[in-house]
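Here's the structure we're looking at; comments come further down.
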Amino acid sequence: MNTPADTAPLPLPASTTETAGQVRIRYHPRFDRPVRLGPGEEATAVRNIPNTLDVFATHFPRKPVLPGVLLLESMAALAALVCEEHDTFAPASWRLSGVRGVGFRHFIGPGDQVEIRVRRTGHRGRSADFSASARVDDRIVATARTLTMTTGEAT
Amino acid sequence: MRFHLIDRIDSWQPHRHITARKVTSVHEGHWQQTPDGPRLAFGLMLEALCQAGTWLIMLSTEHRKRAALLTVREAIASGPVRPGDTLRIEAVVVSRSEEAAVIDGTVTCEGRTVLEANGIMCALIDAEELDDPADTARMASRLLGTKAAA
Chain A
4 MNTPADTAPL PLPASTTETA GQVRIRYHPR FDRPVRLGPG EEATAVRNIP
54 NTLDVFATHF PRKPVLPGVL LLESMAALAA LVCEEHDTFA PASWRLSGVR
104 GVGFRHFIGP GDQVEIRVRR TGHRGRSADF SASARVDDRI VATARTLTMT
154 TGEAT
Chain B
766 MRFHLIDRID SWQPHRHITA RKVTSVHEGH WQQTPDGPRL AFGLMLEALC
816 QAGTWLIMLS TEHRKRAALL TVREAIASGP VRPGDTLRIE AVVVSRSEEA
866 AVIDGTVTCE GRTVLEANGI MCALIDAEEL DDPADTARMA SRLLGTKAAA
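So the sequence lines, in the order shown, correspond to chains A and B. Each residue of the first sequence is one higher than the one before, counting from 4 in this note's numbering. Each residue of the second sequence is one higher than the one before, counting from 766 in this note's numbering.
Okay, structure coming up:
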């Protein structure tokens, strides 16, 4: 997923992947720490939430809150990396096409560091399902029972 | 980005139903760049629907309450939205209490359904905790095409 402009990353060098045991470490400009891929079809990443995000000017003027849908799209961006690691479809073509059982438990605001985890739970052709969670300081702030990722023109 | 994803409110019935519009433009900065061209992210379509719902709550409560997203039972996208498209958003309140409301809705684009969602549960919180009531009133007037409130 390409994030909205206010949260778009700097044009850092192309991502690279290292291997540390069963875990692959991938540097990716959409996340603020190296992404950990695996073991299996899992991934973990960190997204920082600085006070400088433009979205806070309107969401909301009296209480800055990261919109939950942007957190969903960060989960999807991480899921897309897992898909790209395991599949042969064109890179950057995986996108979020459906969600089920999403819950937001706490607001995310300036200064938070959000650890995002995704795990692939199913895969069929050009579609893959993931479960996902996000935590701040060991507190779960959001979960998604199913994120459906799709590639191709169909949807 | 300005996180205002509703450009017009076309109709509404208190606590029941709202229809709204968002026009899209190549000049907006939030397009996903995909191999088949730019498209609107799933999350922003869902957000447009949620914002229509929160405007219905605000209009129905004379701007005293607004909605904060708690859960989404299901939301499915079914087609691309490209720069220049106009989204038509319809949200229906299926249940509500003093503390929460549940909304179903659809987003269509040029006659195609591009997003369907059900079981969007929102907490109803005091609107003035989040924004200046005068600013909310001015925005409501703009969206409704009415004269600004005093």
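Cβ atoms here follow ideal geometry from the backbone N, Cα and C, with glycine treated the same way.
- Run down chain A in chain order and give the residues with a C-beta less than 9 Å from the C-beta of B:Leu889. Against the second sequence, residue 889 of chain B aligns to sequence position 124. Neighbours of B:Leu889 on chain A: none; closest Cβ ~15 Å, over 9 Å.
- Query: What first and last residue would you give for the alpha helix (DSSP H) that runs through B:Gly818?
  - Reply: Translated into positions along the second sequence, residue 818 of chain B becomes position 53. Element bounds for B:Gly818: Phe807 to Ser825.
- Query: DSSP on B:Gly802, reduced to helix/strand/coil?
  - Reply: For this step, residue 802 of chain B is matched to residue 37 along the second sequence. In the structure shown, B:Gly802 sits in a strand (DSSP, three-state: E or B).
- Between A:Leu75, A:Val26 and A:Pro42, which lies nearest to A:Arg138 when the distance is taken from Cα to Cα? Indexing the first sequence from 1 puts residue 138 of chain A at position 135. Considering only alpha carbons, the answer is A:Leu75.
- Task: Would you list, in chain order, the members of the region 837 to 848 of chain B that have their beta-carbon closer than 9 Å to a beta-carbon of chain A?
- Result: Val837, Arg838, Glu839, Ala840, Ile841, Ala842, Ser843, Gly844 and Pro845
- From B:Ala915 to B:Ala856, what distance separates their C-alpha atoms? To locate residue 915 of chain B, count along the second sequence from 1; it is residue 150. To locate residue 856 of chain B, count along the second sequence from 1; it is residue 91. For B:Ala915, the predicted structure reports a pLDDT of 37, less than 50, and the residue's modelled location is therefore unreliable. A value from the coordinates is still provided. Those two C-alpha atoms are separated by around 29 Å.
- Message: Closer than 8 Å is the cut-off here; do at least three beta carbon pairs connect the region 818 to 837 of chain B with the region 887 to 903 of chain B?
- Response: yes
- Straight-line gap, A:Leu40 to A:Tyr30 (C-alpha atoms, nearest Å): Your numbering for residue 40 of chain A matches position 37 in the first sequence. Your numbering for residue 30 of chain A matches position 27 in the first sequence. One C-alpha to the other measures close to 11 Å.
- When the cut-off is 8 Å and only beta carbons count, does B:Gly818 lie next to chain A? Your numbering for residue 818 of chain B matches position 53 in the second sequence. With 8 Å as the cut-off, B:Gly818 does not count as an interface residue toward chain A.
- Message: Please report the straight-line C-alpha distance between B:Phe768 and A:Lys66, rounded to a whole angstrom.
- Response: Position 3 of the second sequence, counted from the first residue, corresponds to residue 768 of chain B. Position 63 of the first sequence, counted from the first residue, corresponds to residue 66 of chain A. Cα-Cα distance, rounded: 14 Å.
- Can you check whether the CB of A:Arg123 is closer than 8 Å to the CB of A:Phe110? Position 107 of the first sequence, counted from the first residue, corresponds to residue 110 of chain A. Position 120 of the first sequence, counted from the first residue, corresponds to residue 123 of chain A. Taking 8 Å as the Cβ cut-off, A:Phe110 and A:Arg123 do not qualify as a contacting pair.
- Query: In the structure shown, what three-state DSSP assignment does B:Ser790 receive?
  - Reply: In the second sequence, counting from the first residue as 1, residue 790 of chain B sits at position 25. Here B:Ser790 sits in coil by DSSP.
- Task: Step through the CB atoms of chain A and report whether any lies within less than 8 Å of the CB of B:Arg903.
- Result: For the purposes of this step, residue 903 of chain B is identified with residue 138 of the second sequence, where counting begins at 1. No - not a single Cβ of chain A is within 8 Å of the one on B:Arg903.
- Query: Quick one, which of B:Arg853, B:Thr836, B:Arg903 and B:Arg907 has its alpha-carbon nearest B:Gly876's?
  - Reply: By one-based count along the second sequence, residue 876 of chain B stands at place 111. Among B:Arg853, B:Thr836, B:Arg903 and B:Arg907, the Cα nearest to that of B:Gly876 belongs to B:Arg853.
- Message: On the DSSP letters alone, give me the boundaries of the alpha helix (DSSP H) that A:Leu73 sits inside.
- Response: Counting from one through the first sequence, the residue named residue 73 of chain A turns up at place 70. Element bounds for A:Leu73: Gly71 to His89.
- Task: Report the neighbours of A:Gly71 on chain C: residues whose CB is nearer than 8 Å to its CB, in chain order.
- Result: Annotation note: the requested chain C is absent from the structure, which comprises protein chains A and B.
- Query: Closest Cβ-Cβ distance between B:Glu812 and chain A: below 8 Å?
  - Reply: Against the second sequence, residue 812 of chain B aligns to sequence position 47. Yes - at least one Cβ of chain A is within 8 Å of the one on B:Glu812.
- Coil, strand or helix - B:Met766 by DSSP: The residue given as residue 766 of chain B occupies position 1 in the second sequence. B:Met766 falls in the coil class under three-state DSSP.
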